[in-house]
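>
In full-length UniProt numbering, the protein residues as written are 1 to 581.
#1: Between the beta-carbon of residue 44 and the beta-carbon of residue 76, is there less than 9 Å?
#2: Taking 9 Å as the threshold (C-beta atoms), are residue 211 and residue 230 in contact?
#3: Helix, strand or coil for residue 408 per DSSP?
#4: Got a sec, what are the start and stop residues for the beta strand (DSSP E) residue 383 sits in?
#5: Got a sec, what are the start and stop residues for the beta strand (DSSP E) residue 291 sits in?
#6: Residue 198: buried (16+ other C-beta within 10 angstroms of its C-beta) or exposed?
#7: Using the Cα positions of residue 536 and residue 40, report the straight-line distance between them to the nearest angstrom.
#8: Classify residue 369: buried if its beta carbon has 16 or more other beta carbons within 10 angstroms, exposed otherwise.
#9: Is DSSP giving residue 431 helix, strand or coil here?
#10: Starting from residue 415 and walking both ways along the beta strand (DSSP E), at which residues does that stretch end?
#11: Can you have a look at residue 450 and say buried or exposed, based on whether 16 or more other CB atoms are within 10 angstroms of its CB?
#12: Measuring CB to CB, does residue 192 end up less than 9 Å from residue 175?
#13: Could you give the distance in angstroms between the alpha-carbon of residue 326 and the alpha-carbon of residue 524?
#14: Just reading off the alpha helix (DSSP H) that residue 69 is part of, what are its end residues?
#15: Classify residue 400 as buried or exposed, calling it buried when 16 or more other Cβ atoms lie within 10 Å of its own Cβ.
#16: Rounded to whole angstroms, how far is the Cβ of residue 196 from the Cβ of residue 36, which I believe are closer than 8 Å?
#17: If you compare alpha carbons, which of 187, 249, 244, 30 is closest to residue 160?
#18: Could you spell out the range, first to last residue, of the alpha helix (DSSP H) harbouring residue 483?
#19: Between the stretch 125 to 143 and the stretch 101 to 116, are three or more C-beta pairs nearer than 8 Å?
#20: What would DSSP say about residue 391, mapped onto helix, strand or coil?
#21: Count the other C-beta atoms from every protein chain shown that fall within 10 angstroms of the C-beta of residue 422, then say buried if there are 16 or more, exposed otherwise.
#22: Name the residue from 472, 491, 443 whose alpha carbon lies nearest to the alpha carbon of residue 288.
#23: Expressed to the nearest angstrom, what Euclidean distance is found between the alpha-carbon atoms of residue 585 and residue 515?
#24: Look at the alpha carbon of residue 263 and the alpha carbon of residue 33, and state the distance between them as a whole number of angstroms.
#25: Given a cut-off of 9 Å, decide if residue 426 and residue 372 are closer than it, judged by their beta-carbon atoms.
#26: Touching or not, the stretch 502 to 513 and the stretch 355 to 366, by the rule of three or more beta carbon pairs under 8 Å?
#27: Let me check one thing: in DSSP terms, what residues is residue 447 bridge-paired to?
#28: I need the DSSP call for residue 400, collapsed to helix, strand or coil.
#29: Are residue 227 and residue 322 closer than 9 Å when you measure CB to CB?
#30: Mind checking who residue 374 pairs with in its DSSP beta bridge?
And the structure:
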């Protein structure tokens with residue numbers, strides 16, 4: 001049995017998904033077509049990781065200003081907040097299909113604006129437009145797939161959206177590598193996203209609206225037609241009966257509450273099922289972001305440069321490992337989510353995430369301590385007026401070179417030119433400029449400005465990979481599945497929009513502050529902060545999130561009526577009752 005007396009369904013095997021979609025291929029066509037929104041979501045959020053390296057090379061002002069780099073990365077997230085907020089209302093008012101079509105138009109326009117951008121501010125405008133599309137797609141695609149899926153395989157099919165998100169991120173890294181030697185580099189990287197948007201737009205024109213939305217808007221015949229294409233004939237009547245009951249309850253509520261947005265919002269917050277659903281939905285969405293995942297996805301090449309891989313090409317190539325593992329983890333989620341459940345996967349995932357973050361903090365701490373020393377003579381003789389100004393007092397006082405290392409040099413806004421004979425030996429601390437970088441390379445040496453040469457760099461790759469392996473099957477896809485299941489039909493668009501806004505708001509906070517945090521407290525301190533926030537998220541997930549595996553939407557509503565109490569609290573309550581009696 002599950003909490004509150006709802007019957008626990010039999011375990012769903014992954015083979016059930018293949019059997020059902022083989023017998024009814026139309027279901028997979030719906031899921032994959034709508035899931036292209038997830039692909040665009042993943043591509044447009046992931047592509048900036050590599051594109052930013054080349055935007056910094058073309059626009060010196062971007063390279064000089066950390067806040068401008070954070071803005072270019074995070075403005076898609078800011079746009080997504082608006083897109084998700086408007087998308088919730090638009091979903092309920094005009095339907096899921098129309099929302100996806102609007103998102104595609106925004107993706108196309110944003111891609112063109114970014115590809116043709118003559119200045120950084122135009123890139124930001126394009127990123128905001130793409131963000132509007134990402135926000136709408138982030139909540140509409142899983143919702144559409146969920147409402148088009150039989151309950152027994154719903155989790156796995158919604159996971160296809162998560163798979164396509166991570167697949168889109170992996171594709172963005174491949175595209176980045178493909179264009180590194182092409183004139184226009186980052187313009188091609190950002191502009192290519194218009195192609196899948198055009199494909200999805202054409203495919204969605206041939207697909208129907210969600211049967212639940214159709215039934216709610218008095219298009220019962222059209223709703224039945226769609227359900228007959230999804231469910232076996234013997235299940236259609238039962239599904240329509242459940243739908244009718246849910247819609248009648250919704251309309252009864254609206255007669256009491258009203259039809260305006262504010263009336264609906266007030267009604268939603270006064271409804272215990274919606275309140276408890278939002279507590280769970282917002283918890284998993286915020287927790288998903290505060291584990292720090294999108295700092296890894298948005299800044300992966302930069303993080304690897306922190307770990308000592310100075311080359312743009314090398315950092316991007318190694319980043320394929322993290323994005324590839326993320327996509328692979330989504331496949332694992334599809335295999336496990338309907339067998340072992342949403343809640344269990346998230347809790348196990350969080351334990352793995354916290355462990356990896358703590359180890360990464362230790363790796364980056366050791367990397368900083370073991371950074372190469374500064375060679376005073378080399379720093380003075382490297383080039384006329386080329387010595388880092390912050391290092392000048394040490395030269396004047398004839399202080400020992402052991403007082404400074406590469407990390408001190410970089411934190412002083414200078415560059416480090418490694419030793420030609422041995423990269424980990426003492427090198428020169430020089431002025432941070434493109435000319436110094438070129439001069440360093442001309443001498444057969446490597447120029448570092450984001451991280452230092454390190455013997456521990458490979459450990460950062462290993463544990464970033466393990467972090468992704470822990471994250472992807474659980475916290476990567478399950479929060480979106482949970483949010484597509486836990487709200488009553490009458491509030492599904494509104495509540496889903498609120499939860500999506502919480503996700504993107506948290507994403508904005510993390511992505512907008514990451515570079516600043518790494519500068520102020522170091523990479524080690526930043527990953528340790530993520531470990532603490534992850535532990536906090538784990539506690540709230542354990543306390544507030546129910547198990548919805550295999551339940552009909554109506555059963556989920558009954559489960560949420562009285563709220564969720566963890567098993568430990570229930571046992572304590574029973575003990576008190578016994579003591580009282």
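Beta carbons: idealized from backbone N, C-alpha and C, even for Gly.
Taking the coordinates as given:
#1: Taking 9 Å as the Cβ cut-off, residue 44 and residue 76 qualify as a contacting pair.
#2: yes
#3: helix
#4: Element bounds for residue 383: n/a, residue is neither H nor E.
#5: Looking at the DSSP string, residue 291 is not in any beta strand (DSSP E), and its letter there is neither H nor E.
#6: exposed
#7: C-alpha separation (whole angstroms): 31 Å.
#8: Under the 10 Å beta carbon count, residue 369 is surrounded by fewer than 16 other beta carbons and is classified as exposed.
#9: Here residue 431 sits in strand by DSSP.
#10: 414 to 417
#11: buried
#12: yes
#13: Residue 326 and residue 524: Cα-Cα distance of roughly 23 Å.
#14: 66 to 94
#15: The pLDDT assigned to residue 400 is 48, lower than 50, so where the model puts this residue is not dependable, and the model offers no usable value.
#16: About 6 Å separates the two Cβ atoms, so the contact holds.
#17: Of the candidates 187, 249, 244, 30, 30 places its Cα closest to the Cα of residue 160.
#18: 478 to 483
#19: yes
#20: helix
#21: exposed
#22: 472
#23: Residue 585 lies beyond the range of the chain shown here (1 to 581); nothing can be said about it.
#24: 34 Å
#25: With contacts defined by Cβ atoms closer than 9 Å, residue 372 and residue 426 form a contacting pair.
#26: Flag = no, the stretch 502 to 513 and the stretch 355 to 366 do not touch.
#27: 417
#28: Note on residue 400: pLDDT 48, under 50, position unreliable in the model; the coordinate value appears next. DSSP places residue 400 in coil when its eight states are reduced to three.
#29: no
#30: 427
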